[in-house]
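Visitor:
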Amino acid sequence: MAIPPQILAIDLGTSGMKAALVAADGTVTGWAERPVPLVVLPGGGAEQDPVAWWDALAEVVADLGRDLPDHLRAVTTICSSTQGEGTIAVDAAGEPLTRCISWLDMRGATHLRRQFGGFPAVDGISVRRIARWLRLTGGMPSVTGKDPAAHMLLIRDDMPDVYARTKTFLNVLDWINLKLTGRTVATVDSILTSWVTDNRKAPAIRYAPALVAASGIDADKFPPIVACTEVIGTLSPLAADHLGLPRSVRVVAGAIDNTAAAIGAGTIRDNEPHLYLGTSSWIAAHVPRKKTDVLTGIASIPCAIPDRYLMTALQATAGANLTWLRDKIVEYDDPIVSAGHVSRDEGTIFDAFDKIIPTVPAGANGVLYTPWLYGERAPVDDPNLRAAFLNISLDTTRSDLLRAVFEGVALNTRWLAKAVDRFLGAPVESMVITGGAARSGSWCQIFADVLGHEIRRDANPVTVNARGAGWIGAVGAGMIGFDDIPALSRNDHVFTPGPDHARYGEIYDIYQELHKRLAPVYRRLNRPAG
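Mapping of the sequence shown onto numbering that gives the first Met the number 0: residues 0 to 529, in sequence order.
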């Protein structure tokens, strides 16, 4: 049987480099991954080495070639999905001048306030500037300093030699595309958090001269903007040799992770949401118009579909809470830890969790958990919030703590979902759940019980970003259209609310009260010294 044309879908997340072989119908045949470390620095810094990404990409493509040589030979197109809001300063030769400043990095916050301050101000940012950002872009730089607008100012002010040598500032996706093709571009979604674009017409995203001039960054350091579905070239000779692929392979621009996941989840229709559960999490849905909810930090932003926007409501840490629990709390020889390192055939850490969670009743025997390990983005943008277990007693067990973590992330998502309902103008009644953490059936059921509506699980949630990149690549290459995707999507289980929904309603009221009371405490505990 002939192998259909394959898209090499690159999925570069915070945890590492992944790649898959995806057919136009969404079939994911191959899958390989390599971890890439995150370097956490004093003062809120977080960085990754771009060269390590590039080396890891060669390794995962080699893995695919060993496992599925015929499918790799059928690759005609490459398309990427990457983490967003990273910043790489590159020189005239396209080489990185520093490690990538990650989306977790907050060191640029003071530089942001210095650049954009004024009176009157909100959180140190001029109200006049905020109004202009909202009108043109639909959003504004995060006061936490976690996006490129602040990262570039950090480099300008604290690394002037690097700034002087910088030819272009690139997001993570843009740097991968530069390495693949030799062409310097940004996509309509990767450029968003530089906060210098006019996004009022979805098919015609462009730079806003006034925003560029006010950014504090030289205009010629911003790359040209292209659509996510544009074929930006073919593999450069160096990239072809590095990956062991023909130079004739086309490269489609691709998208950052939340954009790609919205495509990979099959949620193409207007106001149809999905919940992504990874290191962070988000609720997203395609919508027909630009809109911003200033109070909750939810906005509709440029996306892969040319005439649509993507409403995105981001939760800073979701699956990261489980990683923290596994790596920092349980013992090194614990069965939960070993479960995370066995083969796929034998099971995953989520299988271990799913054996424990049902043994604890809803409400975790009174234990509550707030999942703010690294602050929060929506429905409040507050870098000072922190995680906590509450109401622990002598009777509390590790199993109680585990269930409380699962419930805490779901309760926080309910808080977020209320703001999403208001944004979309109607209550969400059904939602696709996807991302690696959606493998936990127990967690999916907790989400259904906490949110009070059905949860439809993606049949292959681990590969949603890669599948989304594959479909964006297929659209760009003319293999399918976006309207074909819903019929190609697959769910493997529908979780419906059970009798625990009423109990979670009571707990949710307490959860909201905890935020009101704890936020001022965290502000005092975590405010900068001096």
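By construction, the Cβ of each residue, glycine as well, lies at the ideal position given by its N, Cα and C atoms. Please read these numbers as outputs of a predicted model, since none were measured by experiment.
Just curious, the alpha helix (DSSP H) that ASN490 is in, first and last residue?
Guide: No alpha helix (DSSP H) contains ASN490, which is instead part of the beta strand (DSSP E) from 490-494.
Visitor: Report buried or exposed for ASN525, applying the criterion of at least 16 other Cβ atoms within 10 angstroms of its Cβ.
Guide: Under this definition ASN525 is an exposed residue.
Visitor: Tell me whether GLU32 sits in a helix, a strand or coil according to DSSP, three-state version.
Guide: It is a strand residue.
Visitor: Alpha carbon to alpha carbon, how far is ARG131 from GLY116? Give it in angstroms, no decimals.
Guide: Answer to the nearest angstrom: the Cα atoms are 14 Å apart.
Visitor: First and last residue of the beta strand (DSSP E) that includes VAL60?
Guide: Per DSSP, VAL60 belongs to no beta strand (DSSP E); it is in the alpha helix (DSSP H), 49-66.
Visitor: Helix or strand or just coil, what does DSSP make of LEU393?
Guide: coil
Visitor: For THR396 and THR358, what's the separation of their Cα atoms in angstroms?
Guide: 11 Å
Visitor: Have a look at ASP380, ILE300, LEU177 and ALA284 and flag the residue whose alpha-carbon is nearest the alpha-carbon of VAL251.
Guide: LEU177
Visitor: Under a Cβ-count criterion, where at least 16 other Cβ atoms within 10 Å of its own Cβ denotes burial, should ALA18 be classed as buried or exposed?
Guide: Here ALA18 is buried. Its C-beta has 16 or more other C-beta atoms within 10 Å.
Visitor: Note down, in chain order, each residue of its chain lying with its Cβ closer than 6 Å to the Cβ of THR295, except the 5 sequence neighbours on either side.
Guide: ALA377, PRO378 and ALA418
Visitor: Per DSSP, what kind of secondary structure is LYS515 in: helix, strand or coil?
Guide: helix
Visitor: In chain order, what residues of the same chain lie with their CB nearer than 6 Å to the CB of ALA259, ignoring the 5 residues before and after it?
Guide: SER80, ASN464, GLY467 and ALA468
Visitor: If you compare alpha carbons, which of HIS452, ASP90, GLY497 and ILE190 is closest to PRO272?
Guide: HIS452
Visitor: Indicate, with yes or no, if the ligand HEM has a heavy atom lying under 8 Å from the CB of CYS78.
Guide: Of ligands this structure carries none, so the ligand HEM is not represented either.
Visitor: What does DSSP give as the partner residues of PHE349 in its beta bridges?
Guide: DSSP, once it has assigned bridges, lists no residue as partnering PHE349.
Visitor: Take the Cβ of GLU46 as the centre, count every other Cβ of all protein chains shown within 10 Å, and call the residue buried at 16 or more, exposed below.
Guide: buried
Visitor: Below 6 Å CB to CB, which residues in the same chain sit around THR167 once its five sequence neighbours on both sides are set aside?
Guide: Only VAL89, THR183, LYS220 and PRO222 meet the Cβ criterion.
Visitor: Kindly identify the DSSP beta-bridge partner or partners of PRO301.
Guide: TYR308
Visitor: How many angstroms separate the CA atom of VAL324 from the CA atom of ILE348?
Guide: Per the sequence shown, the amino acid found at residue 324 is Leu instead of Val. The straight-line gap from Cα to Cα measures roughly 12 Å.
Visitor: Going by DSSP, what residue range makes up the beta strand (DSSP E) through HIS273?
Guide: DSSP places HIS273 inside the beta strand (DSSP E), whose first and last residues are 272-276.
Visitor: Checking 9 Å against the spacing of the C-beta atoms, do THR143 and ASP380 come in under that value?
Guide: yes
Visitor: What does the Cβ neighbour count give for TYR275, buried or exposed, with the cut at 16 atoms within 10 Å?
Guide: Under this definition TYR275 is a buried residue.
Visitor: Please report the residue range of the beta strand (DSSP E) in which THR322 lies.
Guide: Premise fails: THR322 lies in the alpha helix (DSSP H), 318-323, not in any beta strand (DSSP E).
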